[in-house]
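What follows is a single structure, written as structure tokens, with notes after it.
There are 2 protein chains.
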Amino acid sequence: MAARCLSVPSFEFSRILRISWIVGILVHTTYVFIKSVKESVKRAPQKEQNEQTAPQVLFFPDKLLACRQFLFEGGCSRRHCQFAHEETSLSKLIRVLLEAKQSLDVCVFTINCRELADAVVQLHNDGVVVRVLTDDEQMGSTGSQIEKFRREGIQVRHDLSSFFMHHKFAIIDRKQLVNGSFNWTRQAVTGNRENVVITSDEGLVKAFSDEFQKLWEKYDPCRRTQSGVL
Amino acid sequence: MAARCLSVPSFEFSRILRISWIVGILVHTTYVFIKSVKESVKRAPQKEQNEQTAPQVLFFPDKLLACRQFLFEGGCSRRHCQFAHEETSLSKLIRVLLEAKQSLDVCVFTINCRELADAVVQLHNDGVVVRVLTDDEQMGSTGSQIEKFRREGIQVRHDLSSFFMHHKFAIIDRKQLVNGSFNWTRQAVTGNRENVVITSDEGLVKAFSDEFQKLWEKYDPCRRTQSGVL
Chain A
1 MAARCLSVPS FEFSRILRIS WIVGILVHTT YVFIKSVKES VKRAPQKEQN
51 EQTAPQVLFF PDKLLACRQF LFEGGCSRRH CQFAHEETSL SKLIRVLLEA
101 KQSLDVCVFT INCRELADAV VQLHNDGVVV RVLTDDEQMG STGSQIEKFR
151 REGIQVRHDL SSFFMHHKFA IIDRKQLVNG SFNWTRQAVT GNRENVVITS
201 DEGLVKAFSD EFQKLWEKYD PCRRTQSGVL
Chain B
231 MAARCLSVPS FEFSRILRIS WIVGILVHTT YVFIKSVKES VKRAPQKEQN
281 EQTAPQVLFF PDKLLACRQF LFEGGCSRRH CQFAHEETSL SKLIRVLLEA
331 KQSLDVCVFT INCRELADAV VQLHNDGVVV RVLTDDEQMG STGSQIEKFR
381 REGIQVRHDL SSFFMHHKFA IIDRKQLVNG SFNWTRQAVT GNRENVVITS
431 DEGLVKAFSD EFQKLWEKYD PCRRTQSGVL
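Chains as they are written, first to last, in our numbering: chain A, 1 to 230; chain B, 231 to 460.
Structure (structure tokens):
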């Protein structure tokens, strides 16, 4: 009887120990499992974001100028069209610009490329808020598209300085930045060695948006003094 | 007796089941634990890499030209120095260039800024392999530093074209890219509105390194035809 009395608590204790151990393992497994699932869910959108921000580079010159009909009307009716129907650096750049849904800020030294100007006018006519900053001396140069922009009602501002407003960047919907050595000229498209980097890096987009806003306010015609100096 | 014979296998079976279950949980727990540790180890350097690749932007003009003594000798002995001793966009750019340990590839339309040229020469004298690509017409312009580079034994190549070799980029140790609207001129430093983006994005560095190598080979003087056209 004494032996039986001793054996019962020993059995109970061993059983409780075993149950606690199993419950502990179960709780730990569940914890680790839930944690790993949560982390993988967290990582998924981050990966997607990284993919979105991967920058793209376009190098110029293009061998041929992109066909305007092909670019803006989706097809070309000419039998022997001399312009490019395949993708070129210019056509890629124009497609990126045409992605704008709300705003397009253009800050370019000189603009005489009609294809790029047409894309800007199309966006303006589609209701996108377009602002253009440029260099005062380049505005009057041969083939400049600035006068066309103004005729179409696009807001344009320029410096008043013997130095250059030499930037060559654009910001699309405050989400994408286009920047590089590339002026928006025909010579840059089919002649020069040029580059354009397209990025959605948030830090870069913000820095260039701030620079644009700073210059936009600085070149406000209402803020000009009588001597014209800003 | 018959009852005892039946109860033994039932007890054995239940025991084996319990043991298998516990072993299964143990193996699974160990697997999940090892996997999560491995993933966290993998993520750590990736995070570090992301931090390294955060791009930097420099905007010009600087209010003052950076003091050369301050930049290259670590201090200025002049009492009333008219140049900048605080950090400027130019001084930051020069410090980035001076980080080069093995190679510096410069591909810039026009170079007449002595401060930038001095940094390039210093790197060359320190044993860094420096290569310079530039525009043929700009080489002869007032203040061009290209002749100095050649005197110092730096390898220089240029296009032979009526179009512009209009890039403005440099690659440091094939790890960092410097690119933007900024020509390496004094006017660009203290006069113009300009930008320089400094990035270690692997895709961008590779794309620009490939472009540099392509042009370096294309402008090899040994490959020129009699007419001089490349």
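Where is the CB? At the ideal position from N, CA and C, for every residue including glycine.
Open item on the list: Against chain B, does Met139(A) count as a neighbour if the rule is that its beta carbon must be under 9 Å from one of theirs?
Closed with: no
TODO: Give the single residue among Arg416(B), Ile401(B), Gln443(B) whose Cα lies nearest to the Cα of Ile428(B).
DONE: Ile401(B)
Open item on the list: Between Thr169(A) and chain B, is any beta-carbon pair separated by less than 9 Å?
Closed with: Note on residue identity: the sequence assigns Phe, not Thr, to residue 169(A). Interface residue, yes.
Task: Gly24(A) - DSSP class collapsed to helix/strand/coil - done: helix
Task: Local conformation of Arg78(A) per DSSP, three classes - done: coil
TODO: Whole angstroms is fine: what's the gap from Ser244(B)'s alpha carbon to Glu432(B)'s?
DONE: 59 Å
Task: Euclidean distance between Cα positions of Ile22(A) and Phe33(A) - done: 16 Å
Open item on the list: Once DSSP output is grouped into helix, strand and coil, what is the label at Leu17(A)?
Closed with: helix
- [ ] Kindly indicate if chain B contains any beta-carbon less than 9 Å away from that of Ala3(A).
- [x] Legend: pLDDT at Ala3(A) = 48, less than 50; position of this residue unreliable, value from coordinates given subsequently. No, Ala3(A) does not count as interfacial toward chain B.
Open item on the list: Can you confirm whether the region 397-416 of chain B touches the region 204-220 of chain A when touching is taken to mean that 3 or more C-beta pairs between the two stretches lie within less than 8 Å?
Closed with: no
Open item on the list: With DSSP as the reference, identify every bridge partner of Lys218(A), one or two as the case may be.
Closed with: According to DSSP, Lys218(A) bridges with nothing at all.
- [ ] Using DSSP bridges, identify the partner residues of Met395(B).
- [x] Arg193(A)
Open item on the list: Extract the residue ranges of the alpha helix (DSSP H) inside the region 103-165 of chain A, only unbroken runs of 4 or more that lie entirely within it.
Closed with: 114-125, 136-139, 146-151
Open item on the list: Can you give me the C-alpha to C-alpha distance between Arg404(B) and Thr455(B), rounded to a whole angstrom?
Closed with: 31 Å
TODO: Reducing DSSP to helix, strand and coil, say where Ala284(B) ends up.
DONE: coil
- [ ] From the DSSP output, in three-state form, read off Leu236(B) for me.
- [x] Per-residue confidence for Leu236(B) stands at a pLDDT of 49, beneath the threshold of 50, marking its modelled position as unreliable; the derived number appears in the next sentence. DSSP places Leu236(B) in helix when its eight states are reduced to three.
TODO: Flag this pair as yes or no: are the beta carbons of Arg231(A) and Phe212(A) separated by less than 9 Å?
DONE: There is simply no residue 231(A) to check, as chain A begins at 1 and stops at 230 in what is shown.
Task: Alpha carbon of Arg423(B) to alpha carbon of Ser36(A), nearest angstrom - done: 50 Å
Open item on the list: To the nearest angstrom, how far is the alpha carbon of Asp126(A) from that of Lys148(A)?
Closed with: 16 Å
TODO: Quick one: measure Cβ to Cβ for Ala119(A) and Ile94(A), integer angstroms, because I've assumed they're closer than 8 Å.
DONE: 5 Å
- [ ] Starting from Ala314(B), find everything on chain A with Cβ-Cβ shorter than 7 Å and list it in chain order.
- [x] Those within 7 Å of Ala314(B) in chain A number zero; the least Cβ separation is about 18 Å.
- [ ] Run the CB neighbour count on Gln155(A), radius 10 Å, all protein chains shown included, and call it buried at 16 or more, exposed below.
- [x] exposed
Open item on the list: Output needed in chain order: residues of the region 410-441 of chain B with a Cβ under 9 Å from some Cβ in chain A.
Closed with: Gly410, Ser411, Phe412, Asn413, Gln417, Ala418, Thr420, Gly421, Asn422, Arg423, Glu424, Asn425, Val427, Thr429, Asp431, Gly433, Leu434, Ala437, Phe438, Glu441
- [ ] Going by CA-CA distance only, name the one from Gln406(B), Gln368(B), Thr318(B) that's closest to Thr283(B).
- [x] Gln406(B)
Task: Under 9 Å between C-beta atoms of Leu104(A) and Val128(A) - done: yes
Task: Residue from Leu123(A), Lys218(A), His80(A) with nearest C-alpha to Ser161(A) - done: Lys218(A)
- [ ] Provide the residue span of the alpha helix (DSSP H) that contains Leu71(A), from first to last.
- [x] 68-73
- [ ] Taking all protein chains shown into account, decide if Pro221(A) is buried (16 or more other Cβ within 10 angstroms of its Cβ) or exposed.
- [x] exposed
Task: Where Pro285(B) meets chain A, residues with beta-carbon distance less than 7 Å - done: Asp201, Gly203, Leu204
Open item on the list: Residues of chain E with CB closer than 8 Å to the CB of Val262(B), please, in chain order.
Closed with: Protein chains A and B are contained in the structure displayed, whereas chain E is not.
Task: For Thr225(A), the three-state DSSP class (helix, strand or coil) - done: coil
- [ ] Measure from the alpha carbon of Glu152(A) to the alpha carbon of each residue in His124(A), Gln69(A), Gly74(A), Asn195(A), then state which is nearest.
- [x] His124(A)
TODO: Measuring only between beta-carbons, confirm whether Glu269(B) sits less than 9 Å from chain A.
DONE: yes
- [ ] Please decide whether His354(B) counts as near chain A, where near means a Cβ-Cβ distance under 9 Å.
- [x] no
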